[in-house]
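Protein chains in written order, with the numbering used here: chain A, 130 to 351; chain B, 76 to 304; chain C, 231 to 486. Don't be surprised by glycine CBs; every beta carbon is placed ideally from N, CA and C. Only a predicted model underlies this, so the values are computations on that prediction, with no experimental measurement involved.
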Amino acid sequence: MEYDLQFHYVKQAWPHLMEGLWVTLQLTFAANVIALTLGFGIALLVMSRHWFVRAPFALLIEFFRCTPVLVQVIWFFYCVPILFGVYLDPMPMGILALGLNLACFNAEAYRAAIQAVPREQMDAGVALGFSPVQRVVYIVFPHALRAALPVLITNGITLFQQSALVALVAIGDLMYMGKQVATETYRPIETFTTVALIYFAVSFPVARLAALVERRLDVARV
Amino acid sequence: MWRGFEGIMKIDFSFLSKYHEALLMGLGTTLHLTVICFGFALVLGFALALLRGSKIAPVAWAATLYVEFFRGTPVLVQLFWIFYCLPIFLGTELSNFTSAVVCLSLYGGAIMSESFRSGLKSIGREQYDAAHALGLGPWTRTIYVLLPQAVLRAVPVLLSNGVGLFKESALISAVGMAELMFIGSTISNRTARPVEVFTVIALIYFLVAFPLTRLVAVLERRILRRLAI
Amino acid sequence: MYDAKTQPLASLRNIHKAYGNLKVLSGIDLDMSPGERVVVIGPSGGGKSTLLRIMMGLEQITEGSIEFEGQPYITALNGKTRIDANVRKKMGMVFQHYTLFPHLSILNNLMLAAVKTRGMARAEARDKAMQLLARLGLEDKAGAYPSHLSGGQKQRVAIARALMLDPQLMLFDEVTSALDPELVAEVEQVMLELAEQRLPMMIVTHDMWFARNIASRVIFCAGGVVVEDGPPEQVLGDPLNPRTREFIQRVFHIHG
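The following block contains the structure:
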């Protein structure tokens, strides 16, 4: 290989990359806020006793889970304005697309967790005279949130990584900035390696945290 | 910002029949790519799972670092790295298809190794005891007792990983390979009808992925019932 | 050479076992003659199962030694446990939780070790497995998988799997504890038949009635030592040691 690595180009472009990282983090955070709340709502709806409530949300979940995120993002960018006459800036549109995608994945996590609440816990709730709403608030929800937490965190990190593809619809995130710097400096190796390391430096500690939370919860359950 | 619903009135899918051959070709390329990468990723993932359990610490660390790195960075970054940087390192151009295969296989391997590992971990202490009590040596124990159970338990997750690769492969369009998503974008640009085109593209992905996820669910139930003891 | 008439089948000397600071066994001595059926009873945590697992070579020991058929089998030396693999092949063990291999059919569960560790020809192993299954009334289950069997059937298969290797000593570790009450009898019946054939056994059980039926000798283990050792009528019926007496009274009071 006759390529001598010169990282000072990257050093010069560092503020740009950080600017991109900031956008990526905003995007991730906002999408997670949408997904954590909306996801629980969707989970409750998809477990409804009435099939006409269940069916559309089950379909929604399956659709988001069974198509590429890239297709979803592109679809939102091109189709939402035309179909619904709503014109949003790229950033809110990106947040909406990624947030809805994540909400569907989180809904599955919540649903599995709700179903895993032991039958006896519910029986005990009935025996102790809790009302149905009280049973959901005091028994189901704490159980479900604890059980779902590791998956919710993992889903959140996955979204952080997948947010890179909004670069393809010209949102100025970390990936987009990385592409620009690589093109301008003709230094793809240094730039993309640095970009990869930045993504890794953010997601790895959070992934460790998720693993730690999972172990803690396992111990607590015994 | 609200401009009403007039867009919905103009929807018309009929023009797409002209492009059905191109779409099928794109789907063919996507499936071809997915199947090849699935195979490579399985082999790589299994090797990585074994290496991570190695008694030689540096080997285990290297394998772990590899897995964590590929799981901890966006596939899109990996893709760009392999497209723009790998040729510089190798000193030769790689075809789009080769680069795509390299990228998804390396990424897939990291994901698969996790599934194999949790399959191995889920085997109870008692199975080791029984193998010991029957005097099975380490080799027989691994090949005939542990491995089949680990693989059986991992099958549903490995298949879901395969569906995951199928979906991730849409990213390859970003580097100009003519798979399903790329063909879709091209048609959309040419006809200026993104709603119809991308809806159909999404449906095609869905129609492939959804039955596979159902199959995975069925397999999972069956396997768990078989292995229940 | 080993002489069954004059030498003990197994002799355990001063067996100690500790997990860190926790002492499980503190000096077990035991001689077992061929044809004996030793039932080990005692309170939970008294080291009964550990003793069996040590006999099988599944656990390290901190001190002591075991001879089997006059040959050194297990020795503790400088904190390391040496286990003679050839002697270990003479033990067979059945566990509380069946531990059948769930991915193999019943027939293959029986054949695996015989073919892979004893070099038995497949056809021969198959014949032997089918004979054993027939003896236990399970020949129609040969092609089934463990998950299709009841607990009692699984445990009988587990016994057959151990018998495939012609053990000189069978170790039964609470083999009926996980079973529904109505399935216990079929497993105990198989063990009684083996007892009639004078197969040496060491049995850990909580079932005192069964202990009385099958034992030629009963050992009461508590606090990591042998507290009382004698024929079943004595240890279970009229124990000499007050600790044994108290334990027996309590157990019979609950179960009787």
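With a threshold of 8 Å between beta-carbons, can Leu246 (chain B) be considered close to chain A, or not? yes
Closer than 8 Å by beta-carbon distance: list the chain C residues that pair up with Pro209 (chain B), in chain order. In the sequence as displayed, the identity of residue 209 (chain B) is Leu instead of Pro. From the beta-carbon of Leu209 (chain B), the residues of chain C found nearer than 8 Å are Leu342, Ala343, Thr347, Arg391, Ala392 and Leu395.
Measure the alpha-carbon distance for Gly373 (chain C) versus Arg391 (chain C) and round it to whole angstroms. Rounded to whole angstroms, Gly373 (chain C) to Arg391 (chain C) spans 15 Å at the Cα level.
What does Val270 (chain B) reach in chain E if we use C-beta pairs closer than 9 Å? Annotation note: the requested chain E is absent from the structure, which comprises protein chains A, B and C.
What residues from chain B crowd round Tyr375 (chain C), counting only those whose CB sits closer than 7 Å? Arg301
Just list the residues that DSSP pairs Tyr249 (chain C) with in beta bridges. C:Leu252
Do the CB positions of Thr157 (chain A) and Leu303 (chain A) come within less than 8 Å of each other? no
What is the rounded straight-line gap between the Cα of Arg146 (chain B) and the Cα of Leu146 (chain A)? 21 Å
Residues of chain B with CB closer than 9 Å to the CB of Phe325 (chain C), please, in chain order. Glu201, Asp204, Ala205 and Ala208
Note down, in chain order, each residue of its chain lying with its Cβ closer than 7 Å to the Cβ of Leu294 (chain A), except the 5 sequence neighbours on either side. Hits under 7 Å: Val198, Leu199 and Val202.
Along chain B, which residues have their Cβ under 7 Å away from the Cβ of Pro317 (chain A)? Tyr159 and Cys160
Can you confirm whether Glu343 (chain A), when its beta carbon is compared against all beta carbons of chain B, has any partner nearer than 8 Å? no
Looking only at its chain, what residues have a beta carbon closer than 6 Å to the beta carbon of Gly237 (chain B), apart from the 5 residues adjacent to it on each side? Around Gly237 (chain B): Phe113.
Proximity test, Cβ basis, 8 Å: Leu195 (chain B) and chain A: no
Check whether the Cβ of Trp143 (chain A) lies closer than 7 Å to any heavy atom of the ligand SAH, and answer yes or no. The ligand content of the structure shown is nil, which means the ligand SAH is not present either.
Within this structure, are the beta carbons of Met421 (chain C) and Ile449 (chain C) separated by less than 8 Å? no
Short-range partners of chain B found in the segment 275-288 of chain C, where Cβ spacing is below 9 Å: Within the segment 275-288 of chain C, the residues whose Cβ lies closer than 9 Å to some Cβ of chain B are Arg283, Met286, Gly287 and Leu288, listed in chain order.
Find the nearest neighbour of Pro219 (chain A) within the set A:Val262, A:Glu313, A:Leu229 and A:Phe205, judged by alpha-carbon distance. A:Phe205
Restricting to Cα atoms, I'd like to know which of B:Gly183, B:Ser188, B:Tyr159 and B:Ala185 is closest to Ser174 (chain B). When B:Gly183, B:Ser188, B:Tyr159 and B:Ala185 are compared, the shortest CA-CA separation from Ser174 (chain B) is found for B:Tyr159.
Tell me the residue span of the beta strand (DSSP E) that contains Val262 (chain A). Val262 (chain A) -> not in any beta strand (DSSP E); alpha helix (DSSP H) instead, spanning Pro261 to Arg264.
Does Gly486 (chain C) pass the burial test, meaning 16 or more other C-beta atoms within 10 Å, or should it be called exposed? Because the pLDDT of Gly486 (chain C) is 45, which lies under 50, any placement of that residue in the model is unreliable, and the question is left without a value.
State buried or exposed for Asp437 (chain C), treating a residue as buried only when at least 16 other CB atoms are found within 10 Å of its CB. buried
At 3 residues or longer, what runs of the beta strand (DSSP E) sit wholly inside the segment 259-299 of chain C? The qualifying runs are 267-271 and 293-298.
In the DSSP output, what is Met431 (chain C) paired with across the bridge? C:Arg267 and C:Met400
Is the segment 184-195 of chain B close to the segment 118-134 of chain B, with three or more CB pairs under 8 Å? yes
Just how far apart, CA to CA, sit Arg348 (chain C) and Leu395 (chain C)? 8 Å
Go ahead and label Lys310 (chain C) buried or exposed: buried means 16 or more other beta carbons lie within 10 angstroms of its beta carbon, across all protein chains shown. exposed
Return the residue from the list B:Thr217, B:Asn171 and B:Thr109 that minimises the CA-CA distance to Leu342 (chain C). Of the listed residues, the one whose Cα sits closest to Leu342 (chain C) is B:Thr217.
Proximity test, Cβ basis, 8 Å: Pro149 (chain B) and chain A: Interface residue, yes.
Counting C-beta neighbours from all protein chains within 10 Å, is the total for Gly367 (chain C) 16 or more, i.e. buried, or is it exposed? exposed
If Lys278 (chain C) and Cys451 (chain C) are in contact, beta carbons under 8 Å, what's the gap, nearest whole angstrom? 5 Å
Since Ala306 (chain C) and Gly294 (chain C) should fall inside the 8 Å C-beta cutoff, what is the C-beta to C-beta distance between them, to a whole number of angstroms? 6 Å
Mind checking His327 (chain C): buried by the 16 CB within 10 Å criterion, or exposed? buried
Could you check how far apart the C-beta atoms of Val324 (chain C) and Ile284 (chain C) are, in whole angstroms? I think they sit under 8 Å. At roughly 16 Å, the Cβ-Cβ gap does not stay under 8 Å, so Val324 (chain C) and Ile284 (chain C) are not in contact.
At 8 Å on the CB atoms, spell out the chain A contacts of Val152 (chain B), in chain order. Ala293, Met304, Gly307, Phe321, Val324, Ala325 and Tyr328
Coil, strand or helix - Trp143 (chain A) by DSSP: helix
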